[in-house]
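By the working numbering, the letter at position 131 of the sequence shown is numbered 266, and the numbering carries on one by one without gaps. I have placed the structure first, in the form of structure tokens, so that the comments after it can refer back to it.
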Amino acid sequence: MEEKISGIVLGGTAFGENDKILNIFTLEKGVVSAKIKGVKKAGAKLKFAAEPFCFAEFVFSKTGDKRTVIGASLIDSFYPVREDLKKYFAAGTVLEFIKHFYRESMVSPDDFLLSVNALGDIAYGDDPLVPLVEFLIAALKDAGYALKLDGCFKCGKDIDGRTFFDYRSGAFYGEDCFDGSGREIHNETFKALCRAENGELLNGDEFAIKALKLLDYYLKNRAEEKLNSLEQLIQTFNK
Ligand SMILES: [Zn+2]
């Protein structure tokens with residue numbers, strides 16, 4: 136049986152001498168694994184289709200539940216992510232998020248489009264931080280870990296002074312409503328997250344990196360997921 140499915144290569148592991156087993160996030164079937172043959176030989180026709188970030192229409196031959204890639208036509212390789220370290224780590228964070236949060240055969244066209252759009256904005260835009268912060272806020276929400284960005288979680292008022300964040304609930308509090316569980320953050324970090332949720336975070340925003348650090352802290356403590364690419368991206372800003 137043959138199957139034609141659009142998908143993004145998340146990564147792959149060597150199999151035998153020349154083959155690989157790929158992890159592919161697809162529009163129609165969620166994350167699937169598929170063997171691809173001979174891609175480690177020089178001049179292999181489908182070599183491009185075995186690379187992470189490759190977005191292609193794949194043709195699989197399917198026997199039982201085992202898939203083998205027999206064809207692929209490239210839609211986008213997001214090439215600029217290979218030429219810029221920050222873009223590379225930002226795009227890598229998107230792939231790692233998918234690997235950690237989207238289980239095999241969990242189908243979500245919305246999350247697929249969210250991921251493709253984020254990769255495109257990271258690759259072809261000027262500032263990879265903005266699309267990454269926007270992606271993480273939206274993707275965490277879909278994964279059941281929404282940040283509560285509608286003002287103070289207790290009284291609902293906008294927060295303008297001292298600001299506190301409780302990672303266990305993903306909620307923010309103003310000084311009057313803070314009950315001691317959580318930590319103080321910069322008010323501008325909270326504001327940058329709010330702007331990002333509304334698609335109003337601008338390139339070069341000095342608080343985008345602080346927003347990203349808060350998301351990293353939240354991922355580690357609430358969702359208990361450490362994304363290596365995200366750690367490396369943050370390190371490039373600490374130098
Ligand atoms: Zn309040």
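We put the CB at the ideal spot given by N, CA and C, even for glycine.
#1: Does the Cβ of alanine 149 have 16 or more other Cβ atoms within 10 Å, making it buried, or fewer, making it exposed?
#2: Flag this pair as yes or no: are the beta carbons of phenylalanine 299 and phenylalanine 325 separated by less than 7 Å?
#3: Can the beta-carbon of leucine 267 be found less than 7 Å from the beta-carbon of alanine 225?
#4: Would you grab the beta carbon distance between glycine 309 and glycine 296 for me? Rounded to a whole angstrom, and I think it's under 8 Å.
#5: Pop quiz: glutamate 192 and alanine 179 are said to be a contact at Cβ under 8 Å. What is the actual Cβ separation, rounded to whole angstroms?
#6: How long is the line joining the alpha carbons of lysine 355 and lysine 361, rounded to whole angstroms?
#7: Kindly indicate the opening and closing residues of the alpha helix (DSSP H) around glycine 146.
#8: Only counting the same chain, and skipping five residues up and downstream in sequence, which positions put a Cβ closer than 8 Å to that of methionine 241?
#9: What's the call for cysteine 287, buried or exposed, on a 16-neighbour Cβ count within 10 Å?
#10: Going by DSSP, which residues form a beta bridge with alanine 169?
#11: Around ligand 1, which residues pass a check of Cβ closer than 5 Å to any of its heavy atoms?
Per the coordinate set shown:
#1: exposed
#2: no
#3: yes
#4: 7 Å
#5: Their Cβ separation, rounded to whole angstroms, is 18 Å, which puts glutamate 192 and alanine 179 out of contact at 8 Å.
#6: 5 Å
#7: That residue, glycine 146, is in no alpha helix (DSSP H); its beta strand (DSSP E) goes 137-150.
#8: Gly165 and Val166
#9: buried
#10: Leu157
#11: Cys287, Lys289, Cys290, Gly309 and Cys312
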